[in-house]
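In my numbering, the protein residues as written are 103 to 241.
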């Protein structure tokens, strides 16, 4: 089987993770990446769910490792779920809430994350489409 879908998915995952370290919010003259923004949002909203965002690089690395280890079906599934969740967060981060004009969205981080998520999802979907069915089992 071709390794192209796995390479596409891994490339998208890398771009997705890189995007999380780029500026997401601008407050005055200070740019904040997604992790800083999540920490501030968690403080103000008191929601521990924002701490889950800290696991993005680890989960991205796990997906790439699964592809490298040859566990492509598992990797494609986890990548699809992960990329979809990251894409939703990136889109939500860019939606204007009508809040303070002192804080604005810096589009480079969310856009890069979203593009990476779309590429990763495309690679995962391509793997599913070109994967040969297993022999045996139910027919």
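The C-beta atom is built at its ideal place from N, Cα and C for all residues, glycine as well. Only a predicted model underlies this, so the values are computations on that prediction, with no experimental measurement involved.
Secondary structure of residue i, DSSP reduced to three states
i           : result
residue 153 : helix
residue 107 : helix
residue 127 : strand
residue 197 : coil
Cβ pair residue i, residue j closer than 8 Å
i           : j           : result
residue 124 : residue 218 : no
residue 222 : residue 181 : yes
residue 168 : residue 176 : yes
Presumed contact (8 Å Cβ cut-off) between residue i and residue j, rounded CB distance
i           : j           : result
residue 129 : residue 205 : 5 Å
Residue i classed as buried or exposed, judged by whether at least 16 other C-beta atoms fall within 10 angstroms
i           : result
residue 170 : exposed
residue 149 : exposed
Limits of the unbroken beta strand (DSSP E) element including residue i
i           : result
residue 206 : 205-207
residue 158 : No beta strand (DSSP E) contains residue 158, which is instead part of the alpha helix (DSSP H) from 158-170.
Delimiting residues of the alpha helix (DSSP H) encompassing residue i
i           : result
residue 211 : 210-232
residue 144 : 136-147
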